[in-house]
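A.B. asks:
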Amino acid sequence: MSPKLISLASLAFVIGFCGSMAGGQENQIVGGEFDDGLAPWNSYGAAGFTLNIVQGAGLSGKNALVIDVADAEATASIGVAQGGLSLVQGETYQIGFTAKAEQDREMVALFQIYNPAIPQWLTPWEETVQLTTSPQSFNFEYLHESETTTEHPDWSVDFYLILKGTWWNIDGADLNGKVWIDRVYFGAETPRQSVGAATDPDPADGVKFVDPDVTLRWTAGFGTKFHHLYFGDNSADVEAGAAGTYKGPLVDPRFAASELERERTYYWRVDEFDGANTHEGDLWSFMVAKEGGGLKAEYFNNVTLAGGPVLVRVDPEIDFDWGNGDVPGENSPAADINVDNFSARWSGELEIDLTDAYTFHVTANNGFRLWLDGALIIDLWNNPATSSLASEPIELTGGTSHSIRMEYVEDTGAAIAQLYWESSTREMQIIPQAALSLPIRANSPSPPGGATGVPMDQVLTWGAGDFAVSHDVYFGTDAEAVANATQTSPEFKGTRALGNESYDPGPLGWGVTYYWRVDEVNDAHADSPWIGNLWNFTTVDYVLVDDFESYTDDDAAGQAIWQHWIDGFGIANNGAQVGYLLPPYAEQTIVHSGAQSMPLLYDNTGDVTNSEAELTLTTQRDWTEQGVGVLSLWFRGDPANAAEPMYLSVSNANGSPVMAVYEDPTAATTDDWTEWVVPLQTFADQGINLRNVDKIAIGLGDKGDGTAAGGSGTMYFDDIRLYRL
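128 is the number that the working numbering gives to position 103 of the sequence shown; each next residue is one higher, with no gaps.
Structure (structure tokens):
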């Protein structure tokens, strides 16, 4: 019986190397060299592995596909596929690919034909190949003796390469690790692209933070017999192949260096000899790590980081597994720290050596949070077990430093805290000590570095460096000018005393990018001043009326959403309820942007025909500033809601409110976020003074003569803004 494969795909393979092209066929595989990315390949299986395009795998050409199996137990199927192939009766097809694996294992190659009239998946061709750590080419012939598939437009022909699946007994299906695939073809064999040069250097080209005793590794060029390695601390000598730099010939693509000088740059290149020709390699470099480094660590004997820390020290890295025991100092950070119910904060600076997109990972038991330049990039504080969480990729520039802070809480049981990074030039690793330094500079900026949508009345704040007694503030719209400014520059905005870590720049421009820097000063310290990092943010291109982010669950302090948006409680003929009866009062899952939206429950039944919530404006009363011309409001309903008319109204302190009614009377039933844009002239034409708007209200139902039939439901509102026309 033929197994039914679920994802679209197409592939086929077998050991051998048949060079002839049969039947005049052309290769039907699209992107078989992977030089244009993954398209149109699909994954077979949904978990436990990733598909990536990598350079320098030593198979064919520049790029290859790598199937990186991280958890073979997490899924029943692992592989890749491509569809859209065709077969002609009587034609012979060449099927092939080149592959290697991190460990010896098997792979299944096959194609299937689906006939919906049966319906049944047929497998005319299937082969199992043995992969090794060396590249191999596989080539097979298939004679198609059954019907021509193009005569049946509803048939499909799909090709697969499978590492694990329910229908196959594959040796190595339980292995984690990488498999590289390249030069895939179906129909006619494609020529191999030259891959003679050494590629994929480790350490990666240009990196810092390398151990003084490092083993150089690289991916050998295809067909290489041995390697000529040149290595030293003079780039010209290495590039010229001077006698003192030659470390070959080498049989294996690795070389153990030792006792390298710290903070010195070394250069290397590998020329590959394939038995006939020598392929000269690129010049690579790396810098050996400085001595020391690390983060300021503060430990607390409570789970809230409350009060003063019990212990302050320097931790070289965040790489701890204290286990699950009852011995303080062994199963906790130190003898005076609890084995359970403790918390920690690590803070300092992170140096970036290469421009790249960086992904940060935290593995911990229990809760953890990570900030970069004041932005919360990982948050799993309510974590009952050992968990891992990754940030989104973040573009960072080589040669820059960034404020970093991680907080951690241990409840009971196992105690683990680990911080990793990865990029296109680094596999995931613990962030090394040499990339970290103590929080001597100003840190934790607000707004966070690179923030967008910042209010035009933003006050800037930051955290003080450990040795600072005052702060010199620089601010402006020219990045270079702010970065290079001195106290005689117009960008200098004065000195702030320790304890006053804030600067109010006054009214900011509309949609403008600003740059700022804070230097930490202590005249009694030889290293003062500590020049700050260059931070930036971009202001909004709208005037904010309400984004519902400022409301909290502290009703005693008057910060609950229903204490500002006044609903129908105690008001006749108003069936509105703003917020939920129990905290959290604001909606925190169904949001358009940010973390909160306003839930409005309406009930226009019985004698009630109208449900309305009203906000009295304390700021942003001038609806003409910055030349704004329209009001934007985002809403979302539910198909189960009654289709009540939706409206909003505005009013001045004296005078009746005027209304705008949404054009679709069924808007309350939509389950997609929808923007409602209202020209402000609509209100001005009805007598509203837009320079001094007092109140805005949102409602559902009939606010007219009360004759319309009523209903109930829940609506969500977010992001009330004023934009220019």
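Just so you know, even glycine gets a beta-carbon here, dropped at the ideal spot from N, CA and C.
#1: Are three or more beta carbon pairs between the segment 655-669 and the segment 694-713 nearer than 8 Å?
#2: By DSSP's criteria, Ala582 is part of a beta bridge. Which residues make up the other side?
#3: Return the chain-ordered list of same chain residues with a C-beta closer than 6 Å to the C-beta of Ile745, the five sequence neighbours on each side being excluded.
#4: Grab me the residues of Asp196's own chain with a C-beta within less than 6 Å of its C-beta, minus the 5 sequence neighbours each way, in chain order.
#5: DSSP beta-bridge partners for Ser181?
#6: Measure the beta-carbon distance from Lys203 to Ile92 and round it to whole angstroms, keeping in mind my assumption that it falls under 8 Å.
#7: Cutting at 8 Å between CB atoms, please list the residues of its own chain near Arg287, excluding the five before and the five after it.
#8: Buried or exposed for Asn525, please, with buried defined as at least 16 other CB atoms from any protein chain shown within 10 angstroms of its CB.
#9: To which residues of the same chain is Asp592 closer than 6 Å at the C-beta, ignoring the five residues directly before and after it?
#10: Identify, in the order they occur along the chain, each residue of the same chain with its Cβ nearer than 6 Å to the Cβ of Glu420, setting aside the five sequence neighbours on each side.
#11: Going by beta carbon distance, what residues of the same chain come within less than 6 Å of Gly726, once the five residues before and after it are set aside?
#12: Classify Val352: buried if its beta carbon has 16 or more other beta carbons within 10 angstroms, exposed otherwise.
#13: Mind pulling the alpha helix (DSSP H) runs of 4 or more residues that sit fully within the segment 248-300?
#14: Identify every residue that forms a DSSP beta bridge with His386.
#15: What does the Cβ neighbour count give for Ile441, buried or exposed, with the cut at 16 atoms within 10 Å?
#16: If you measure between the beta carbons of Trp487 and Pro473, is that distance less than 8 Å?
#17: Are the segment 530-542 and the segment 583-598 touching, with three or more C-beta to C-beta distances below 8 Å?
#18: Using the beta-carbon count (16 or more within 10 Å), is Asp227 buried or exposed?
#19: Comparing C-alpha positions only, which one of Thr477, Glu152, Pro141 sits nearest to Asp179?
#20: Apart from the five residues on each side of it in sequence, which residues of its chain come closer than 7 Å, Cβ to Cβ, to Phe640?
#21: Please report the residue range of the alpha helix (DSSP H) in which Phe708 lies.
#22: Can you check DSSP and say which residues form a bridge with Val91?
#23: For Ala508, report the span of its alpha helix (DSSP H) as first-last.
#24: Hey, is the segment 384-398 in contact with the segment 427-437, meaning 3+ C-beta pairs nearer than 8 Å?
#25: Taking 8 Å as the cut-off, decide whether the C-beta atoms of Gln107 and Ile54 are in contact.
#26: Assign Asp696 to one of two classes, buried (16 or more other C-beta atoms within 10 Å of its C-beta) or exposed (fewer than that).
#27: What does the alpha-carbon distance come out to for the pair Glu574 and Gly619?
#28: If we ignore side chains and look at the alpha-carbon of each, how far apart do Ala223 and Pro160 end up?
#29: What does Phe660 pair with, by DSSP beta-bridge criteria?
#30: Just tell me which of Ser676, Pro690, Thr691 has its CA closest to the CA of Met684.
#31: Would you call the CB atoms of Gly266 and Glu297 closer than 8 Å?
#32: Cutting at 7 Å between CB atoms, please list the residues of its own chain near Asp404, excluding the five before and the five after it.
#33: If we ignore side chains and look at the alpha-carbon of each, how far apart do Ala678 and Gly519 end up?
#34: Applying the criterion that 16 or more other CB atoms from any shown protein chain within 10 Å of the CB defines a buried residue, is Val94 buried or exposed?
#35: Less than 8 Å between the C-beta atoms of Thr157 and Lys125, yes or no?
#36: Can you tell me where the beta strand (DSSP E) with Arg430 in it begins and where it stops?
C.D. replies: So, to answer that:
#1: yes
#2: Against the sequence shown, residue 582 aligns to sequence position 557. Answer by DSSP bridge pairing: none, since Ala582 is not bridged.
#3: Within the sequence shown, numbered from 1, the residue matching residue 745 stands at position 720. Hits under 6 Å: Val570, Asp571, Leu658.
#4: As a working note, residue 196 is residue 171 in the sequence shown. Excluding positions up to five away in sequence, the list reads Glu131.
#5: As a first step, residue 181 is located in the sequence shown; it is residue number 156 there, counting from the start. BP columns for Ser181 point to Tyr139.
#6: Residue 203 sits at position 178 when you count from the first residue of the sequence shown. Residue 92 sits at position 67 when you count from the first residue of the sequence shown. Indeed they touch by this definition, with Cβ atoms about 7 Å apart.
#7: The residue labelled residue 287 in the question sits at position 262 within the sequence shown. Result list for Arg287: Pro237, Val313, Ala314, Lys315, Glu316, in chain order.
#8: As a first step, residue 525 must be located in the sequence shown, where it is residue number 500. Exposed is the call here.
#9: In the sequence shown, residue 592 corresponds to position 567, counting from 1. Ala601, Gln602, Val603, Ala638, listed in sequence order.
#10: One-based indexing of the sequence shown puts residue 420 at position 395. Within the same chain, Glu420 has close Cβ partners Ala382.
#11: As a first step, residue 726 must be located in the sequence shown, where it is residue number 701. Asn629, Thr634, Asn635, Ser636, Glu669, listed in sequence order.
#12: Translated into the one-based positions of the sequence shown, residue 352 becomes position 327. By the 10 Å Cβ count, Val352 comes out exposed.
#13: 260-265
#14: What you label residue 386 is simply residue 361 of the sequence shown in a count that begins at 1. Paired residues: Ala415, Tyr445.
#15: Start at 1 with the first residue of the sequence shown, and residue 441 comes out as number 416. So Ile441 ends up on the buried side.
#16: By 1-based counting over the sequence shown, the position of residue 487 is 462. By 1-based counting over the sequence shown, the position of residue 473 is 448. In this structure, Pro473 does not lie closer than 8 Å to Trp487 by Cβ.
#17: no
#18: In the sequence shown, the residue the question calls residue 227 occupies position 202. Answer is buried; the Cβ neighbour count reaches 16.
#19: Counted from its first residue, the sequence shown places residue 179 at position 154. Ranking Thr477, Glu152, Pro141 by Cα distance to Asp179 puts Pro141 first.
#20: For this step, residue 640 is matched to residue 615 along the sequence shown. The sequence shown places Leu at residue 640, not Phe. Asp571, His589, Trp590, Lys720, Ile721, listed in sequence order.
#21: Walking along the sequence shown from the start, residue 708 turns up at place 683. Run containing Phe708: 706-709, per the alpha helix (DSSP H) assignment.
#22: Your numbering for residue 91 matches position 66 in the sequence shown. DSSP lists Asn77, Trp205 as partners of Val91.
#23: The residue labelled residue 508 in the question sits at position 483 within the sequence shown. Counting along the chain, the alpha helix (DSSP H) containing Ala508 begins and ends at 504-509.
#24: yes
#25: Stepping through the sequence shown from its first residue, residue 107 is reached at position 82. Stepping through the sequence shown from its first residue, residue 54 is reached at position 29. Yes, these two residues count as a Cβ contact at 8 Å.
#26: By 1-based counting over the sequence shown, the position of residue 696 is 671. With fewer than 16 Cβ atoms within 10 Å of its Cβ, Asp696 is classed as exposed.
#27: Position 549 of the sequence shown, counted from the first residue, corresponds to residue 574. Position 594 of the sequence shown, counted from the first residue, corresponds to residue 619. About 7 Å.
#28: Translated into positions along the sequence shown, residue 223 becomes position 198. Translated into positions along the sequence shown, residue 160 becomes position 135. For Ala223 and Pro160, the distance between alpha carbons rounds to 14 Å.
#29: Indexing the sequence shown from 1 puts residue 660 at position 635. Answer by DSSP bridge pairing, in chain order: Thr699, Phe742.
#30: Here residue 684 refers to the residue found at position 659 when the sequence shown is read from its first residue. Met684 has its Cα closest to that of Ser676, out of Ser676, Pro690, Thr691.
#31: Within the sequence shown, the letter at position 241 stands for residue 266. Within the sequence shown, the letter at position 272 stands for residue 297. No, the pair does not count as a contact, with Cβ atoms beyond the cut-off.
#32: Position 379 of the sequence shown, counting from 1, holds the residue named residue 404. Arg394, listed in sequence order.
#33: Taking the sequence shown and counting its residues from 1, one reaches residue 678 at position 653. Taking the sequence shown and counting its residues from 1, one reaches residue 519 at position 494. Near 41 Å, if we compare the C-alpha coordinates of Gly519 and Ala678.
#34: Walking along the sequence shown from the start, residue 94 turns up at place 69. The residue in question, Val94, is buried, as its Cβ has 16 or more Cβ neighbours within 10 Å.
#35: As a working mapping, residue 157 is identified with position 132 in the sequence shown. As a working mapping, residue 125 is identified with position 100 in the sequence shown. Yes; because the gap between Cβ atoms is below 8 Å, this pair is in contact.
#36: Numbered from 1 along the sequence shown, position 405 holds the residue referred to as residue 430. Its beta strand (DSSP E) spans residues 426-435.
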